[in-house]
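Visitor: Residue 180 in the working numbering is what sits at position 167 of the sequence shown, and the numbering runs on without skipping anything. Each residue gets a CB set at the ideal place from its N, CA and C atoms; glycine is no exception. Pasting in a structure now, in structure tokens, and then I'll have a few things to ask.
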Amino acid sequence: KNYHTVLAENRKLYNEVQELKGNIRVYCRIRPFLPGENRKSNTINYIGEDGELVLVNPSKPGKDGQKMFKFNKVYGPAASQEEVFLDTQPLIRSVLDGYNVCIFAYGQTGSGKTYTMTGPDSPTEEEWGVNYRALNDLFHISRTRRDTFMYEVGVQMVEIYNEQVRDLLSNDGSVKKLGIVNTSKPNGLAVPDASMRPVQSTSDVMNLMQTGLTNRAMSATALNERSSRSHSIVTVHVRGVDLKTGATLRGSLHLVDLAGSERVDRSEVTGDRLKEAQHINKSLSALGDVIFALSQKSPHVPYRNSKLTQVLQSSLGGHAKTLMFVQINPDAGSYSETLSTLKFAERVSGVELGAARSQK
Ligand code: ADP
């Protein structure tokens, strides 16, 4: 079979499975090589317009070492922040119509999760990530609807570290541990004790995020690069009142920068580091299981297996909309992490192309 026949078969299979699955969207983003990295050791050799991607095993030259994956979108290294956001925008808009939306960034440390969600350090406007663009959009649309709707917006920010939920916006800057309420109500607050800050503009939110990041960083110095080992969740709660009828609607947007998905070698780490790694593994696989169960329309969705899935329960499944950015570092040295990242993504997308995937 030639390459194009296999591609066509893959597409057909993908479209068939796609119709069965739930509301999860998976966008894969390959970050560019950074200055000083070896561009020749690239593991990605094909990026298709319909979301296909071919990963090459650097130690298996030839067709046998190639695997094809297919997602809703694949962004190559040249994709701009704006281009990525254009495909995210419709989801953001639905928050103002009363939907719960969750946007995740998944991938190993250094694969571009924070770049996609927030941007680089001290970004220019062009470099702003999804967070900033999403909030700008929310406030902009709510202003254009000012004659028909009155919107109130509040923000919470928490991190989950070692299966403990902590408030990043407490008044005194202390990072408090919080309980989770088991809420199946679509708009119940999962972490009612996390500080809720009213906001009126994008810059209000950015200031809060800065506070949250500072709080997170303060504990990070003690714990050594903690940010890659905890999940951070910014939640934007929106309440809209229809000025004619008085009816209210509520929507929420969760922006989740997940802990690095890299596996650690158990023989090399012990103590706190091993415990961290186990907690991360557990919560990421619990997240994968929940999204997979939802994509299969399974009657049992295992939310209870981690704090991450408990906090997000009301915003995963039901009428909620989920988008996962799967981040890839194209370097050959990351091949095995990339493969496991892509397998995770394939599973949560509910589309496993199986045997037809490899392009022999
Ligand atoms: P992670 O959050 O997954 O640990 P980062 O977002 O910190 O990874 O990205 C690692 C490095 O790569 C950073 O220096 C970041 O600025 C850079 N980077 C990531 N994605 C891109 C991109 N699309 N374009 C340019 N630089 C990027």
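Check this for me: beta carbons of L104 and G264, under 8 Å apart or not?
Guide: No. Outside cutoff.
Visitor: Whole angstroms is fine: what's the gap from T258's alpha carbon to P205's?
Guide: Taking the straight line from one Cα to the other gives about 29 Å.
Visitor: Can you tell me whether S214 is buried or exposed? The criterion is at least 16 other CB atoms within 10 Å of its CB, across all chains shown.
Guide: Exposed, because fewer than 16 other Cβ atoms sit within 10 Å of the Cβ of S214.
Visitor: Using CA atoms only, rank isn't needed, just tell me which of V114, Y348 and P45 is closest to M337.
Guide: Checking every option, the nearest Cα to that of M337 belongs to V114.
Visitor: Who are the Cβ neighbours of K34 in its own chain at under 6 Å, not counting the five residues just before and after it?
Guide: For K34, the pLDDT reaches just 45, beneath the cut-off of 50, and the residue's location in the model is therefore unreliable, leaving the point undetermined.
Visitor: Between which two residues does the beta strand (DSSP E) holding I57 run?
Guide: Residues I57 to I60.
Visitor: What does a CB cutoff of less than 8 Å around A260 pick up in its chain, not counting 5 residues either side in sequence?
Guide: Only V254 meet the Cβ criterion.
Visitor: Would you kindly check if the distance between the Cβ of I293 and the Cβ of L329 is under 8 Å?
Guide: In this structure, I293 does not lie closer than 8 Å to L329 by Cβ.
Visitor: Please identify the residue among G132, G78, A272 and V67 whose C-alpha is closest to the C-alpha of V87.
Guide: Of the listed residues, the one whose Cα sits closest to V87 is V67.
Visitor: List the endpoints of the continuous alpha helix (DSSP H) containing V324.
Guide: Unbroken alpha helix (DSSP H) run through V324: K320 to V324.
Visitor: Where do the ends of the alpha helix (DSSP H) carrying M77 lie?
Guide: The amino acid occupying residue 77 in the given sequence is Asp; Met does not appear at that position. Note, D77: premise wrong, no alpha helix (DSSP H); not H, not E.
Visitor: On the DSSP bridge list, what partners appear for H153?
Guide: Paired residue(s): none; H153 is not in a bridge.
Visitor: For Y59, which residues from the same chain have a beta carbon less than 6 Å from its beta carbon, with the 5 sequence-adjacent residues on both sides left out?
Guide: If we look at Y59 and ignore the five residues flanking it on each side, its Cβ neighbours are V67.
Visitor: Does the distance between the C-beta of G49 and the nearest non-hydrogen atom of the ligand ATP fall short of 7 Å?
Guide: As for the ligand ATP, it is missing from this structure, which binds only the ligand ADP.
Visitor: With respect to the beta strand (DSSP E) encompassing N113, which residues constitute its N-terminal and C-terminal limits?
Guide: Unbroken beta strand (DSSP E) run through N113: N113 to Y119.
Visitor: Straight-line CA distance for T127 to T227?
Guide: Their backbone Cα atoms lie some 15 Å apart in a straight line.
Visitor: Anyone know if the C-beta pair for V409 and F98 falls short of 8 Å?
Guide: Since the first residue of the chain shown is 14 and the last is 373, residue 409 is not available in this structure.
Visitor: Measuring CB atoms only, is the region 273-289 touching the region 129-137, in the sense that at least three cross pairs come out at less than 8 Å?
Guide: Result no; under three Cβ-Cβ pairs closer than 8 Å.
Visitor: Please state if the CB of Y348 and the CB of N70 are separated by a distance shorter than 8 Å.
Guide: In contact: N70 and Y348 (Cβ atoms closer than 8 Å).
Visitor: Using DSSP's beta-bridge definition, name the partner residues of K334.
Guide: Answer is V114.
Visitor: Roughly how far, in whole angstroms, is the beta-carbon of T101 from the beta-carbon of A118, given that I think they are within contact range, below 8 Å?
Guide: No, T101 and A118 are not in contact; Cβ-Cβ is about 12 Å, not under 8 Å.
Visitor: So does T122 have its beta carbon nearer than 7 Å to some heavy atom of the ligand ADP?
Guide: Yes, the Cβ of T122 comes within 7 Å of a heavy atom of the ligand ADP.
Visitor: By Cβ distance below 6 Å, which residues in the same chain neighbour M170 in space, the five residues on each side in sequence not counted?
Guide: L181, L182, G225 and V247.
Visitor: Within this structure, are the beta carbons of R156 and I341 separated by less than 8 Å?
Guide: The answer is no: Cβ separation not under 8 Å.
Visitor: Which residues in the same chain as E275 place their Cβ atom closer than 7 Å to its Cβ, once the five residues preceding and following it in sequence are excluded?
Guide: Q121, T122 and E350, listed in sequence order.
Visitor: According to the neighbour-count rule (16 or more other Cβ atoms, all chains shown, within 10 Å of its Cβ), is K53 buried or exposed?
Guide: Exposed, since its Cβ has fewer than 16 Cβ neighbours within 10 Å.
Visitor: Looking at the structure shown, is Q223 part of a helix, part of a strand, or coil, going by DSSP?
Guide: If DSSP states are grouped into helix, strand and coil, Q223 belongs with the helices.
Visitor: Check whether the Cβ atoms of R229 and V168 lie closer than 8 Å to each other.
Guide: No, the pair does not count as a contact, with Cβ atoms beyond the cut-off.
Visitor: Count the other CB atoms, across all protein chains shown, that sit within 10 Å of the CB of T354; report buried if there are 16 or more and exposed otherwise.
Guide: With 16 or more other Cβ atoms within 10 Å, it is buried.
Visitor: Quick check: V361 and G301, are their CB atoms within less than 8 Å of each other?
Guide: It is a contact, given that the beta carbons lie within the stated cut-off.
Visitor: Where do the N-terminal and C-terminal ends of the alpha helix (DSSP H) with F305 fall, by residue?
Guide: Element bounds for F305: G284 to S308.
Visitor: For a test of your reading of the model: does the CB of T127 fall under 7 Å from any non-hydrogen atom of the ligand ADP? Yes or no.
Guide: Correct: T127 has its Cβ closer than 7 Å to the ligand ADP.
Visitor: Over what stretch of residues does the alpha helix (DSSP H) that includes E359 continue unbroken?
Guide: Counting along the chain, the alpha helix (DSSP H) containing E359 begins and ends at Y348 to V361.
Visitor: Starting from the C-beta of S243, find all residues in its chain whose C-beta is less than 7 Å away, skip the five residues before and the five after it, and write them out in chain order.
Guide: Correct list, in chain order: E172, I173, Y174 and A272.
Visitor: Any heavy atom of the ligand ADP inside 7 Å of the beta-carbon of P45?
Guide: Checking every heavy atom of the ligand ADP against the Cβ of P45, one is found closer than 7 Å.
Visitor: Given 7 Å as the limit, tell me if G273 has its C-beta closer than that to any heavy atom belonging to the ligand ADP.
Guide: Yes - the ligand ADP has a heavy atom lying nearer than 7 Å to the Cβ of G273.
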